[in-house]
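Below is one structure, written out as structure tokens, with a few remarks after it.
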Amino acid sequence: MNHLEERLKILDEWLGDKNLSVTIHVIGAYGIELHDISIGRRTEDIDNVSPITSEDIIAKIHAIGEQFGEPKWFDLGASSLSLPDGYTKRLKRVGTFENIELYALSLPDIVILKVAAYFDRRERGIERDLEDLIKINPSFVEIKKGLNFIIDTHGADLPDKFKKELKKSVHELEIELKKLFK
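What the sequence shown shows, in the numbering used here, is residues 1 to 182, in sequence order.
As structure tokens, then:
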């Protein structure tokens with residue numbers, strides 16, 4: 001059992017004691033691991049995209065983080081991200097918790113989000129999203145869906161001038177990724 005599963009177990013037991021339940025949709029590195037793909041590094045947090053509105057549950061999540069000196073073990077802010085259309089139809093149910101419905105986004109949806117994250121972070125020298133993509137080893141068709149997702153989500157409200165710049169940047173990324181994925 002890894003450190004994140006330990007924290008989820010504590011949350012699950014607490015939820016049971018309070019007669020509560022919660023649904024979690026996991027993206028990011030932990031989402032990849034839930035598909036039984038090792039990313040080769042310690043996953044620091046759970047990126048959840050399913051909104052949690054219960055103040056009691058949020059307080060318990062924070063308390064668990066404080067208990068272990070890992071205040072950022074559970075990312076409640078990921079629920080504000082743009083997500084691939086229809087992703088809930090492709091979720092994979094994982095875990096054996098009684099009071100937590102734990103789902104991982106499908107690998108193709110995770111690939112889309114990892115391509116978008118790499119696009120956003122590569123200029124700052126953050127390579128972990130590319131490393132994760134290499135571990136997943138998607139097809140270039142799946143990568144292309146991620147590139148299209150960037151244009152659709154980032155360019156939706158941009159003036160034409162900026163859309164052209166965005167498309168140029170995405171095309172440059174496409175050339176880079178085409179060398180790595182078939």
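Backbone N, C-alpha and C fix where the C-beta goes; we use that ideal spot for every residue, glycine too.
It should be emphasised that the depicted structure is a prediction, and the values quoted were computed from it without experimental measurement.
### Query
For ASP129, is the classification buried or exposed, using 16 other Cβ atoms within 10 angstroms of its Cβ as the cut-off for buried?
Against the sequence shown, residue 129 aligns to sequence position 129. Classification for ASP129: buried.
### Message
In this structure, how does DSSP classify ASN48 when only helix, strand and coil are distinguished?
### Response
Translated into positions along the sequence shown, residue 48 becomes position 48. Of the three classes helix, strand and coil, the one that applies to ASN48 here is strand, per DSSP.
### Message
I need the boundaries of the alpha helix (DSSP H) containing LYS161, first residue and last residue.
### Response
As a first step, residue 161 must be located in the sequence shown, where it is residue number 161. LYS161 -> alpha helix (DSSP H) spans 160–178.
### Own chain residues within Cβ distance below 6 Å of GLY95, not counting five before or after
For the purposes of this step, residue 95 is taken as the residue at position 95 of the sequence shown. Within the same chain, GLY95 has close Cβ partners LEU102.
### Message
Just to confirm my understanding: we take PRO84, look at its own chain, exclude 5 residues before and 5 after, and list those with CB closer than 6 Å. What are they?
### Response
For the purposes of this step, residue 84 is taken as the residue at position 84 of the sequence shown. So the list reads ASP109, ILE112, once near-sequence residues are dropped.
### Task
Kindly identify the DSSP beta-bridge partner or partners of GLY152.
Here residue 152 corresponds to residue number 152 of the sequence shown, with the count starting at 1. One detail in the question is off: residue 152 reads as Asp in this sequence, not Gly. DSSP output for ASP152 lists no bridge partner at all.
### Query
When DSSP builds the beta bridges, which residues end up paired with ILE27?
Within the sequence shown, residue 27 is the residue found at index 27, counting from 1. For ILE27, which the question treats as bridged, DSSP gives the partners ASP47.
### Query
Considering only C-alpha positions, which residue in the set PHE181, HIS62, HIS25 is nearest to ILE143?
One-based indexing of the sequence shown puts residue 143 at position 143. For ILE143, the nearest C-alpha among the options comes from PHE181.
### Query
Is the beta carbon of ALA78 less than 8 Å from the beta carbon of ILE136?
Taking the first residue of the sequence shown as 1, we reach residue 78 at position 78. Taking the first residue of the sequence shown as 1, we reach residue 136 at position 136. The answer is no: Cβ separation not under 8 Å.
### Query
Does DSSP classify PHE74 as helix, strand or coil?
For the purposes of this step, residue 74 is taken as the residue at position 74 of the sequence shown. Correct three-state label for PHE74: strand.
### Message
Determine whether the beta carbon atoms of TRP73 and ARG7 lie at a separation below 8 Å.
### Response
Taking the first residue of the sequence shown as 1, we reach residue 73 at position 73. Taking the first residue of the sequence shown as 1, we reach residue 7 at position 7. Closer than 8 Å, so yes.
### Message
According to DSSP, is GLU33 part of a helix, a strand, or is it coil?
### Response
Walking along the sequence shown from the start, residue 33 turns up at place 33. DSSP places GLU33 in helix when its eight states are reduced to three.
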